[in-house]
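For reference, the structure is listed below as structure tokens.
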Amino acid sequence: MTDLTCRLYAAHDLRIEELPEPQAAPESAIIRVQRGGICGSDLHYYHKGGFGPVRVREPIILGHEAAGLVESAPENCGLRPGQLVALCPSRPCNTCAFCLSGKQRHCLNMRFNGSAMRLPHEDGFFRSRIAHPVVQCLPIEDGTDAQAAAWAEPLAVCLHALRLAPSLEGQKVLVTGTGPIGAICIALARLKGADEIVATDVQDFTLGLARQMGADRIVNVISETNALNEYAAGKGQFDVVLECSANPQAIAHAIDLVRPQGTILQIGVGGSTDMPLNLIVGKELRFLGTHRFDAEFADAVRMIGAKEIDLSPLVTHVLPVTDGVRAFDIAGDRTRAVKVQIDFEL
Ligand SMILES: [Zn+2]
């Protein structure tokens, strides 16, 4: 069987190509990829050729959310053929000051699969087989399927974000943006004992799934313009905002609706935006950024394996790699897609 990949040459120039066999490398396993999830950053590469200063400057294999079966692995490395593993895309240098202080996510020499940050670019997971470092192949509980295991990376992002937030137990939580990350945050906020979860977006379709993931109330901010007014009372009612949209209006709205000394956790990524410093200062808000994950990847794998979280309702489409271009086109359509997974098994 020929190995296939989705390789991006430039914006809207994604090609399904044959790949040579992966070469076994020391301390690496050969993984037969089963499922890969298309992420918002993959879509930025596909639609715009990158985001911010990160541009596609040479052909790149996309994908940093995937799971597959071990085909072969070095002896006594802890992996056995046929075992399902989640692939961790984060490969820090382990020698820089950040790595040595346990903050590998800030590594100065980070190699992240499917990222065009560095040149040469780091190829990603969207291919039939890959040679991947053994330590970045995390076995998941037997009985888990690849659909679920491929959620480890975005779940890790959300677990790390919530680790930076105050406890959500008994709190009123606003989640702005109900794409995959917002939807996962809703599920986690529910698990962590939030008292009330309100979710906002501009798409009824994604809001419907947000409800399914545990939101108490969903608000389409276009068709229900005044629905959130009650939460602005008394300088704001929400204890914590999980901002997953990176939309400037949503951020401004969140600042109005969060209570004094509340927290806004900025999870969505965007460019520059105006900020009402008077409100941030006057309300003594905590405005926090969050970046990727470290140990949370292993936590995510454990949670998925233990079936503590079920993200399968968010998988709206699964397409074979041969239909990879269509998969990317559908993934960009928020009226009907949340998570599109590519099936690499032919
Ligand atoms: Zn480092």
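For this note's numbering, count along the sequence shown from 1 and bump the result up by 37.
Quick reminder that beta carbons are idealized off the backbone N, C-alpha and C, glycines included.
Separation of residue j from residue i, as counted between CA atoms
| i | j | result |
| --- | --- | --- |
| glutamate 112 | glycine 87 | 39 angstroms |
| leucine 316 | glycine 214 | 22 angstroms |
| aspartate 311 | proline 57 | 48 angstroms |
| aspartate 366 | glutamate 64 | 36 angstroms |
| histidine 169 | leucine 124 | 8 angstroms |
| valine 194 | alanine 270 | 32 angstroms |
| leucine 175 | phenylalanine 334 | 9 angstroms |
| glutamine 378 | tryptophan 188 | 10 angstroms |
| asparagine 131 | methionine 340 | 26 angstroms |
| glutamine 249 | aspartate 347 | 11 angstroms |
| arginine 254 | isoleucine 234 | 7 angstroms |
| serine 309 | proline 90 | 12 angstroms |
| leucine 314 | lysine 344 | 42 angstroms |
| arginine 155 | aspartate 50 | 20 angstroms |
Own chain, CB closer than 8 angstroms to residue i, minus 5 neighbours either side, in chain order
| i | result |
| --- | --- |
| aspartate 380 | Gln71, Arg72, Val355, Leu356, Pro357 and Val358 |
| cysteine 133 | Cys144, Leu145 and Asn146 |
| glutamine 173 | Leu124, Cys125, Pro126, Ser127 and Arg128 |
| serine 138 | none |
| glycine 307 | Ala283, Asn284 and Pro285 |
| alanine 47 | Gly86 and Val93 |
| isoleucine 259 | Val239 |
Under 8 angstroms between C-beta atoms of residue i and residue j
| i | j | result |
| --- | --- | --- |
| tyrosine 82 | alanine 153 | yes |
| isoleucine 67 | leucine 121 | no |
| valine 93 | proline 217 | no |
| alanine 236 | leucine 244 | yes |
| glycine 251 | alanine 283 | no |
| valine 107 | glycine 119 | yes |
| isoleucine 53 | valine 362 | yes |
| arginine 371 | glutamine 240 | yes |
| leucine 192 | alanine 368 | no |
Own chain residues within Cβ distance below 6 angstroms of residue i, not counting five before or after
| i | result |
| --- | --- |
| arginine 142 | His328, Arg329 and Asp331 |
| serine 78 | none |
| glycine 151 | Leu99, Gly100, His101 and Gly161 |
| arginine 44 | Arg52, Glu54, Pro96 and Ile98 |
| lysine 320 | Pro297 |
Integer Cβ distance of residue i from residue j, believed to fall under 8 angstroms
| i | j | result |
| --- | --- | --- |
| valine 295 | leucine 322 | 6 angstroms |
| serine 165 | aspartate 360 | So it is not a contact: roughly 14 angstroms between Cβ atoms. |
Chain-order list of residues whose beta-carbon lies under 7 angstroms from that of residue i (same chain, five-residue window excluded)
| i | result |
| --- | --- |
| isoleucine 167 | Pro59, Ile68 and Val70 |
| glycine 342 | Ile177, Glu178 and Thr181 |
| cysteine 136 | Pro129, Cys130 and Cys144 |
| proline 157 | Glu95 |
Kindly confirm or deny that the segment 293–305 and the segment 271–282 touch, where touching means at least three C-beta pairs closer than 8 angstroms. Yes, the segment 293–305 touches the segment 271–282.
Do the segment 286–299 and the segment 261–270 touch if we need at least three Cβ pairs shorter than 8 angstroms? Yes, they touch.
For the pair the segment 158–166 and the segment 101–120, tell me if three or more CB-CB distances fall below 8 angstroms. At 8 angstroms Cβ cutoff, the stretches touch.
Quick check: the segment 338–352 against the segment 204–212, are at least 3 beta-carbon pairs closer than 8 angstroms? With a cut-off of 8 angstroms on Cβ pairs, the segment 204–212 is not in contact with the segment 338–352, counting fewer than three such pairs.
For the segment 189–208 and the segment 219–233, state whether three or more C-beta atom pairs, one from each stretch, are separated by less than 8 angstroms. Taking a contact to require three or more Cβ pairs closer than 8 angstroms, the segment 189–208 and the segment 219–233 qualify as touching.
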